[in-house]
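Comments concern the structure below.
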Amino acid sequence: MSAVRQKRYVSGRRIDTSAPARLLCILSVNFGASTDLNLMATELQTIVDGLNDEPFKMNLNLISIETISNEQLLQILSDTLLWIEELDTIDIREEDADVTALRIFNSLRVLKYRPPVEIEKLQQWRCGIVEGEKVVIHPILEWIFKNVEALKERAYLARYLTKIDVPGAFQDSELIELSNQISTLMEEFKDVHSQVIEARKDSLIMENIRADLNSMKIEKEQLSKRTDRIERKLHGIANIERLLKLAEKCRVENERLEKIGHLRMEQRNLILFSEQKLQRLNAALEEVKAAGENVDPTKRMKALQEEMETNRYMVNEKLPKEIEIKEAIVFDLKKMVDVAAMDRNDIANLQQKLDKMNAEVVELINERNRKDQNTDKLSIYRHQASSVYKKKAKLVEKLQEARLELQNITNKVETKRNNLREKSGTDFFNNYINKLRTKTLNYKRKNAEISDLKSEHAILSRTVDILANQWNELTQKIEESGGRTIGRHNTKDTEKFESVKLETDDVRKLRDVIIELNQQMDLKRITIDDLKQSNAELNKRLTDATEGWNVMKRNYELSEANFESAFVEVEENVKNMEDEMITKKRKILRANIELKIMKTISEKLKHEGLRLINQIEKETNRISKEVEALQQFDQKNELSLEEEAAQLAMWRSLMKIFQLKLQIAENGRKSGM
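Residue numbers (my numbering): 13 to 685.
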């Protein structure tokens, strides 16, 4: 039954539950229920845009993408990866599930997609890909469509720079020489590819330079035309030289005022940044003072002792066992690599040895159970000890994860700090000011050109009206004098009409001439009306463009303001984190100093205790010697207990007599005085 491939259906797709697929799907059943299925609209929009472009053209939207089944979603992921790798599409219904999964995993590995780090989440992620879960595949598709060009280049390079690992048992001199040749060709390919990239960059730079030159030529022509127009306008004005000098002085003063305004703004921003920095430093100083007042050496000592115990446990117990396990695994792998190719007889022999070892293990377990029948009372304590050991191991693993997370956060903070050092300060603000200044100058130049065009259009319109009036007056004069217009001829820029004297006095012919002239006048009026209409349309388009530009300018200013506020906020957060790290380091340094002080105090107390112990031993020896001397003295006197008691009572009575005598003498002395 183990050799039969079992099939089942999940979400409308046939899933292979043979050994490779079962290894990929060792998961909890509630994976989909415990994961948030609602992605951000921007992420879904990125996926939809990518699937609607070439070569997919799926015509999806944010609603229809949610109705895609798991099988179709897995097919889309497969097609996308094959499109990135420039391979032909594969229908996943025609290949096994484990083959599809391994192909997708290999493609993601080549493209350097980062899966989850934790083992449980990694297993859930793998099973989510096998079953076509949206919460797993949507982030992958979004990552692919955001980095299409980079991933295509990575897949192209992986096609020529991926080495094939050959087991040591199959390697010989020819294979080694071939692998060396392949390595040499790979290095040559890298050099050629880097040269191609540099050449592409140079070509792009040349194209940009050509485009800039063309734009500069066009701008030069426009400026020359504008200069000619201005010279024609100013040709008849008196005192033109004096006016030009005054205009130049005005321009210089305006530029100087603009520079002064920029400098004032820069100084104001520098003052603002300095005040913010001063506030942060004052807050950090207050925190350091508060932390210094609330320092408790006992807590520090306790925390350091706990950390020392944890490190001692990891160094002495946990890490050596893990190293032994890893060494055993490496030894087994080396042994497996060194073993030659096996046939069915070798496998049968190994199976027999395995059966024998299993039988011996069963016998040993039975024997142990028989021996443990007499020591069942200790089994409870064994279980308790094993559970405590397991809990301890879990806590140590959690501690390691917390330390790794702390290290990652520290690295991220350092990276952000470096980025802020590169971007912060006056350089970044100066770049922003220069860009804004360039855009302002472009806007002023375009606005001046538009105003010139407007004035020129107004002049030409007025000229057309004047010429039309003159034409009407001339026609009326010709009609009144009995003449008619017989034709016109073109010159270089203008059209001139010739009038002749009266050729006939026939009223009908004169009427026909007048009708013809009226028709020509109507055509001219229609042409003028068309020009006026086109002029109105151009004015409307200009107004719309100006309004759009104003809206874009306001949006740009709002985005710049938001960016500056966000930048200041991020900078403050980073500064706070830096200050916190500095505070922590200072606290650690202070705790180390206090630990050294406590160690010196404990050593002094230890020496003092030894000295007191020596003194007590000396006093004990002295007292014991005195007791021995008294005992010897008693033995020499050979007095009985009754005699000793009588002698003691006699001495006490004698002491009382002397005390009474002294008291009487004292009373007599006082009474005599």
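A virtual CB, placed ideally from N, CA and C, is assigned to each residue, including glycine.
As the structure is a computational prediction, the values presented were derived from the model and not from experiment.
Of all alpha-carbon atoms in Ala167, Gly140 and Asp108, the one lying nearest the alpha-carbon of Leu120 is that of Ala167.
Ile104: not part of any alpha helix (DSSP H); DSSP gives it neither H nor E. Ile628 and Phe645 have their C-alpha atoms roughly 25 Å apart.
Across the structure, Ser286 and Arg457 are spaced so that their CA atoms are roughly 37 Å apart.
Scanning its chain for C-beta atoms nearer than 8 Å, with the 5 sequence neighbours on each side dropped, one finds around Val300 the residues Thr595 and Arg598, in chain order.
With 16 or more other Cβ atoms inside 10 Å of its own Cβ, Val148 counts as buried.
Under the 8 Å Cβ criterion, the segment 120-132 does not count as touching the segment 52-63, having fewer than three qualifying pairs.
No alpha helix (DSSP H) of 4 residues or more sits fully in the segment 540-597. For Thr79, no alpha helix (DSSP H) run applies, since DSSP gives it neither H nor E.
In this structure, DSSP gives Tyr455 a helical state, which the three-state scheme calls helix.
Between the C-alpha atoms of Glu656 and Glu620 there is a straight-line separation of about 43 Å.
Distance from Ile116 to Leu93 at the Cβ level is roughly 6 Å; contact confirmed, criterion being Cβ atoms closer than 8 Å.
Here the C-alpha atom of Leu258 lies approximately 11 Å from the C-alpha atom of Asn251. Here DSSP, grouped into helix, strand and coil, assigns Val342 to helix. Between Lys587 and the set Asn294, Glu219 and Glu199, the nearest pair of CA atoms involves Asn294.
Only exposed fits Thr174, as fewer than 16 other CB atoms lie within 10 angstroms of its CB. Residue environment analysis places Glu379 among the exposed positions, since fewer than 16 neighbouring C-beta atoms fall within 10 angstroms of its C-beta.
For Phe645, the secondary structure class from DSSP, reduced to helix, strand or coil, is helix. Of the candidates Val400, Ile676, Met313 and Glu305, the residue whose Cα lies closest to the Cα of Asn604 is Met313. With respect to the 8 Å criterion, Ala170 and Val142 are not classified as neighbours on the basis of their beta carbons. In this chain, the alpha helix (DSSP H) harbouring Thr322 covers Pro309 to Tyr325. In the structure shown, the three-state DSSP call for Ala414 is helix.
Less than 8 Å separates the beta-carbon of Lys164 from that of Ile96. In the three-state reduction of the DSSP assignment, Leu72 falls in the coil class, being assigned neither a helical nor a strand state. The Cβ atoms of Glu576 and Arg429 do not sit closer than 8 Å to each other. In the structure shown, the three-state DSSP call for Ile625 is helix. Straight across, the Cα-Cα distance linking Val349 with Leu376 is about 32 Å. For the pair Ala480 and Ile540, the CB atoms are nearer than the 8 Å cut-off. Ranked by Cα distance from Gln234, the first of Leu535, Lys673 and Leu465 is Leu465.
C-alpha of Leu85 to C-alpha of Ile156: approximately 14 Å in a straight line. In the structure shown, Thr174 falls within a coil segment according to DSSP collapsed to helix, strand and coil. Secondary structure at Ile188: helix, using DSSP grouped into helix, strand and coil. In terms of Cα proximity to Arg449, the closest of Val204, Asn574 and Glu270 is Glu270.
When only Cα atoms are considered, Glu468 and Ile221 end up about 34 Å apart. When the alpha-carbon of Val525 is set against those of Ile490, Thr558, Leu246 and Arg537, the nearest one is in Ile490.
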